[in-house]
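> This structure is in structure tokens; I'll ask about it shortly.
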Amino acid sequence: MKKFLSLLLSVALLLSVCSSAMAASSIHWLTPGDTAAEVVEDDDRIIAAINEKFDIDLNVEYVPEGSTEKVNVAMASGDFPDIVTGAYGTTATQSWIENGMVISLNQYMDKYPNLKAWLDTYSWAAIDGQHYGLPFITQYSVANTLIGMRGDWLEKLGMDYPTNLDEMKAVLTAFTFNDPDGDGQQNTFGFSGQKPVANFDWVFYAYGRQYGDYELNANGEIIPFFEHESFIPAMTYIKELWDAGVIDPEFVLNDSSKLEEKFFQGKIGAMPHAMYRHVARLENSTKSLFPEATLVYGLPPVGPDGTSFGMNKAGRSGMMTCITAACKDPEKAVAFLDFMVSAEGNDLVRLGIEGIHYTKNGEEITMNEEERSKDAFSPSGWAHALAWGSLYWPLESGYMPATDPSRDRALESIELATAAQKPSLVKQKTALEVEYSSALEDIYNQYFIDMLYGNVSIEEGTAKLCEEWRSQGGEDMLAELNAVYAASK
Amino acid sequence: MKKTQNKIRRSLGSKIFDALNLLFLGLLAFSTVYPFWDSLVVSFSSLKGYLSSSVHLWPSEWSLEGYRYMFSNPTLWTSYANSIFITLVGTLINMVLTIMTSYVLSKTYLRGHRLLTFLCVFTMMFSGGIIPTYMVIKDVGLLNSVWAMIIPTAISTYNMIILRNFFSGMPKELEESATLDGCTEIGVLFRIVLPVSIPAITTVTLFYAVEHWNDFFSAIMYINKQKSWPLQLFLRSMLYENEAAYQSGGESLYLLGQPMKMAAVMMAIIPIMCAYPFFQKYFTKGVMTGAVKG
Chain A
3 MKKFLSLLLS VALLLSVCSS AMAASSIHWL TPGDTAAEVV EDDDRIIAAI NEKFDIDLNV
63 EYVPEGSTEK VNVAMASGDF PDIVTGAYGT TATQSWIENG MVISLNQYMD KYPNLKAWLD
123 TYSWAAIDGQ HYGLPFITQY SVANTLIGMR GDWLEKLGMD YPTNLDEMKA VLTAFTFNDP
183 DGDGQQNTFG FSGQKPVANF DWVFYAYGRQ YGDYELNANG EIIPFFEHES FIPAMTYIKE
243 LWDAGVIDPE FVLNDSSKLE EKFFQGKIGA MPHAMYRHVA RLENSTKSLF PEATLVYGLP
303 PVGPDGTSFG MNKAGRSGMM TCITAACKDP EKAVAFLDFM VSAEGNDLVR LGIEGIHYTK
363 NGEEITMNEE ERSKDAFSPS GWAHALAWGS LYWPLESGYM PATDPSRDRA LESIELATAA
423 QKPSLVKQKT ALEVEYSSAL EDIYNQYFID MLYGNVSIEE GTAKLCEEWR SQGGEDMLAE
483 LNAVYAASK
Chain B
-8 MKKTQNKIRR SLGSKIFDAL NLLFLGLLAF STVYPFWDSL VVSFSSLKGY LSSSVHLWPS
52 EWSLEGYRYM FSNPTLWTSY ANSIFITLVG TLINMVLTIM TSYVLSKTYL RGHRLLTFLC
112 VFTMMFSGGI IPTYMVIKDV GLLNSVWAMI IPTAISTYNM IILRNFFSGM PKELEESATL
172 DGCTEIGVLF RIVLPVSIPA ITTVTLFYAV EHWNDFFSAI MYINKQKSWP LQLFLRSMLY
232 ENEAAYQSGG ESLYLLGQPM KMAAVMMAII PIMCAYPFFQ KYFTKGVMTG AVKG
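Line by line, the protein sequences are chains A and B.
When we follow my numbering, the leftmost residue of the first sequence carries the number 3, and every step to the right adds one.
When we follow my numbering, the leftmost residue of the second sequence carries the number -8, and every step to the right adds one.
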């Protein structure tokens, strides 16, 4: 047994020595990637094409379950890949930069135009003028979420998709009390959302909230959004909906699948939800019980001033792809990343190799699904495993296969959601934000629920919230944010 | 003549007590069985059948779609093979090493046995933590290998102590008689001690096997290559929803309905559940009753 064990151990050791010996000439990329993408096999032709182009041996390693913690552990233990993708704006990526674990890309910017263009877009992310990686902020300038409603219920009640807050209240009330499903029972709710506090941003923006992250006071200083004049009237509107009983009381328990399930079961008539690739799925799943069901969506309702509306905040977090200090051939790693953010690189990982994975006739592109299935392409015209998760997601790229039957509606939903997106005052995440924001968010959530349930009046709750939020680190964080904001102007 | 009463007359209080007992224990049993039953029923339902009611006692519309989807994934089979390998080989290694260690440590006349026991128990209280363990695994070259799920956990101190205590409680005379009959030390272990320790050994084997079968965390930490994933990690990754992918239209498996998720759950637990009945017959007491006379 002992012999057997020691034999096994030595075999394992030998194997790892062999693989690390091969890594000398290779580019090893550790990334969460897109967890659900197809598995990249050894004979993948897209990887082969990249290898040939740059004379490298590319080895992309995806960590299970998109776990950035796993990436952090690998880095912290000194197990450096050549290229690493982690979560942007976290203590982990901050420490990579502070400890010199990743290199500055500035010296390569002149030689690599695509890299330069990318970094220029994210110029605010540079630290003392140095770019330590390629940030990729999700939903940076494009958005996805709208209020989806049962179109057949609206039709039955003789109503249109609401365009202002009064109409919205009327619709949600009718969804709750006018038996939209026609079963003679009062068993439906107008609106539901997800834990912890649902998505009521559409109310705050309708009452005049301006920005995605914070607000400005009369002196042009950054304040939390609940200190803005829009907060109390918006909160009052939400409380009216709650008191009228049109909000699903279980919303504080819903996760994303529970929320969807309630929509599919006809228990709720409206919910804020990501649209885009979900449009067809949401509608079809609802049709499984109610064949006549349709999904409608539109711009969020405007407020009392008749013009203000909004739903989505500009993204402030995402991924960051860096080249590590251990990379033996940083020049090649940079060349590869430059390619990955170029039009040519995008075409390769989304469409494939012309003549093999697709054919082009003028503007029309025909996918060859049989050939694509031999490499790591997802079915139905979706992209290669390398395409998403590190530097792009389909939403940010506006990607939707031409053959997809729900393409038009999906793209329309992005257009509407983006029109309802609000910019950020401060684009980067500051150090104190990374440290405090989740605890501060908990304070807000607690007061929101207390005000909604009527445990405390809205005026009093707001005053207490401001006080507690500021004393628990909010004050320091605002000071830091104001400094960054002043410097960016 | 009076009718012979062969039943003990029971007071009303005792009857009520029994009835309440039955009710309470029945509810308790139901509360443990129902989640399993619900998952089983949902796994055999169509999406429509699943959505049409909140309580699932029987599939209202049968469908094998969930299982069909799971079975059509080739990675499922490699991960099944990996899990079976890890469980069988891992448990074998566990048992050989644990038995040997605990048998030696149960001999109180051995010099230094206290120190050795202390060193083992120390690891129960204080472990190196994730990053140092990761570094060790990396440096011995076990990253991305199924052996990373076997070697580092080759002995569980907890199980070792269970066995050590069992061995300690064994009558000395048993071993002495074997030695008198000319049995070697190894012979005593294999011919005398192990055969009478079957209940304890089966228990520990089951502990180890279930631990190996359910282990996914060490796979997340040490194994990136999908081909070396155990079943639990593969199934978890199917159920796992990446928020960014969900929001931004990646290839997330959010498209999977609840029946498919439950099919995955069933496939993870049914094989190890099937192992229990085979172990159960060894859970007998009193093997050593009457082994020592006088």
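Note that the Cβ used here is the ideal one computed from N, Cα and C, for glycine as well.
How would you call Cys265 (chain B), buried or exposed, if buried means at least 16 neighbouring beta carbons within 10 angstroms?
exposed
> In chain B, which residues lie with their C-beta within 9 Å of the C-beta of Asn146 (chain A)?
Gln238, Ser239 and Gly240
> Going by DSSP, what residue range makes up the beta strand (DSSP E) through Pro519 (chain A)?
With chain A covering 3 to 491 only, the question about residue 519 (chain A) has no answer from this structure.
> Confirm, please, whether the CB-CB distance from Ser319 (chain A) to Lys431 (chain A) is below 8 Å.
yes
> Helix, strand or coil, according to DSSP, for Pro137 (chain A) in the structure here?
strand
> Excluding the 5 residues flanking Leu2 (chain A) on each side, which residues of the same chain have their C-beta closer than 8 Å to its C-beta?
Look at the range of chain A in this structure, 3 to 491, and you will see that residue 2 (chain A) is not part of it.
> Starting from Asp494 (chain A), find everything on chain B with Cβ-Cβ shorter than 9 Å and list it in chain order.
The requested residue 494 (chain A) is not part of the displayed model; chain A covers only 3 to 491.
> Counting only Cβ pairs nearer than 7 Å, list the residues of chain B close to Pro182 (chain A).
Against chain B, a Cβ distance below 7 Å from Pro182 (chain A) picks out nothing, because the smallest value is about 17 Å.
> Quick check on Lys571 (chain A): does DSSP put it in helix, strand or coil?
Residue 571 (chain A) lies beyond the residue range present for chain A, which begins at 3 and ends at 491; the question has no answer from this structure.
> Quick check: the Cα distance between Ala191 (chain B) and Thr148 (chain B), rounded to an integer number of angstroms?
Cα to Cα, Ala191 (chain B) sits roughly 15 Å from Thr148 (chain B).
> Helix, strand or coil: which one does DSSP assign to Asn53 (chain A)?
helix
> Does the CB of Lys6 (chain B) have a neighbour CB from chain A at under 8 Å?
no
> Assuming Leu454 (chain A) contacts Trp244 (chain A) (C-beta within less than 8 Å), just tell me the rounded distance between them.
5 Å
> In whole angstroms, what separates the C-alpha of Phe179 (chain A) from that of Phe15 (chain B)?
Distance between Phe179 (chain A) and Phe15 (chain B), taken at the CA atoms: about 40 Å.
> Is there contact between the stretch 106 to 116 of chain B and the stretch 55 to 71 of chain A, where contact requires at least three CB pairs shorter than 8 Å?
As far as the Cβ criterion goes, the stretch 106 to 116 of chain B does not touch the stretch 55 to 71 of chain A, which means the pair count is below three.
> Classify Cys324 (chain A) as helix, strand or coil using the three-state DSSP reduction.
In the structure shown, Cys324 (chain A) sits in a strand (DSSP, three-state: E or B).
> For the beta strand (DSSP E) that Phe193 (chain A) lies in, which residues bound it at each end?
Phe191 to Phe193
> Alpha carbon to alpha carbon, how far is Gly271 (chain A) from Phe498 (chain A)? Give it in angstroms, no decimals.
The question about residue 498 (chain A) has no answer, for chain A in this structure spans 3 to 491.
> Is it the case that the Cβ atoms of Val436 (chain A) and Gly91 (chain A) are separated by a distance below 8 Å?
Yes, the Cβ-Cβ distance between Val436 (chain A) and Gly91 (chain A) is below 8 Å.
> Can you name the residues that DSSP bridges to Glu242 (chain A)?
Bridge partners of Glu242 (chain A): none, in fact.
> For Leu442 (chain A), I'd like the list of residues in its chain whose CB is within less than 7 Å of its CB, leaving aside the five on either flank, ordered along the chain.
Trp471, Gln474, Gly475 and Gly476
> Quick one: give me the first and last residue of the beta strand (DSSP E) that Glu365 (chain A) is part of.
Neither: Glu365 (chain A) is in no beta strand (DSSP E) and is coded neither H nor E.
> Using three-state DSSP, classify Asn166 (chain A) as helix, strand or coil.
strand
> Note down, in chain order, all residues in the stretch 39 to 70 of chain A with a beta-carbon under 7 Å from any beta-carbon belonging to chain B.
Cβ contacts with chain B: Ala39, Val41, Glu63, Tyr64, Val65, Pro66, Glu67, Gly68 and Ser69.
> Thr513 (chain A) bridges to which residues according to DSSP?
Because residue 513 (chain A) is not part of the residues shown, which for chain A are 3 to 491, the question remains open.
> Find the nearest neighbour of Pro83 (chain A) within the set A:Glu356, A:Arg279, A:Pro332 and A:Ser459, judged by alpha-carbon distance.
The shortest C-alpha separation from Pro83 (chain A) is found at A:Pro332.
> What residue does the alpha helix (DSSP H) around Asp130 (chain B) start on, and which one ends it?
Counting along the chain, the alpha helix (DSSP H) containing Asp130 (chain B) begins and ends at Ile121 to Asp130.
> Can you tell me the Cα-Cα spacing of Ser2 (chain B) and Pro268 (chain B), whole angstroms?
39 Å
> I need the straight-line Cα distance from Phe181 (chain B) to Gly173 (chain B), nearest angstrom please.
14 Å
> In this structure, what does DSSP give as the bridge partners for Tyr496 (chain A)?
It is not possible to answer for residue 496 (chain A), since the shown part of chain A is limited to 3 through 491.
> Beta-carbon within less than 7 Å of Lys171 (chain A)'s beta-carbon, same chain only, minus the 5 sequence neighbours each way: which residues are those?
Leu243
> Tell me, please, whether the stretch 42 to 62 of chain B touches the stretch 19 to 34 of chain B by the rule of three or more beta-carbon pairs shorter than 8 Å.
yes
> Kindly confirm or deny that the stretch 380 to 392 of chain A and the stretch 211 to 227 of chain B touch, where touching means at least three C-beta pairs closer than 8 Å.
no
> Give the residues from the stretch 397 to 412 of chain A that approach chain B closer than 7 Å (Cβ to any Cβ), ordered along the chain.
Leu397 and Glu398
> Mark Asn348 (chain A) as exposed unless 16 or more other C-beta atoms lie within 10 angstroms of its C-beta, in which case mark it buried.
buried
> Enumerate, from N- to C-terminal direction, the unbroken alpha helix (DSSP H) stretches of 4 or more residues contained entirely within the stretch 178 to 228 of chain A.
203 to 208
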